[in-house]
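Heads up: the sequence shown is residues 4 to 68, going by my numbering.
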Amino acid sequence: MAKCNVNKDLCISCGMCTAIAASAFAFGDDGKAECILDDAEVTADVEDSVQEAATSCPVQAIEVA
């Protein structure tokens with residue numbers, strides 16, 4: 004099963020990921036996006052939206068592997 008990760012050094016807090024996949028991403032206390040999935044595991048029900056969020060990230064801060 005794939006896992007998602009947000010590189011906080013690259014994240015510019017644009018909100019694209021939270022708009023596309025609100026069940027998978029949220030802003031942390033530092034104002035940067037973070038993956039909020041249990042153990043960062045991308046399950047089948049959110050896989051498409053997480054992939055779309057990763058592709059849409061303007062600074063390519065989201066990794067799905």
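For each residue, glycine too, the CB sits at the ideal point set by N, CA and C. Since this is a predicted model, take the numbers as computed values, not measurements.
One or two residues paired with residue i in a DSSP bridge
i	result
I65	V9
C38	F28
E44	K6
Spatial distance of residue i from residue j (CA atoms)
i	j	result
D42	V62	24 Å
I15	M4	27 Å
C60	A68	16 Å
S52	N8	14 Å
F30	C38	9 Å
E44	K6	4 Å
Cβ pair residue i, residue j closer than 9 Å
i	j	result
A56	M19	yes
Option nearest residue i by Cα separation, candidates the options
i	options	result
L13	A36, A29, A68	A36
L40	E50, D32, G34	E50
Nearest-angstrom Cβ-Cβ length linking residue i and residue j, presumed shorter than 8 Å
i	j	result
D33	K11	7 Å
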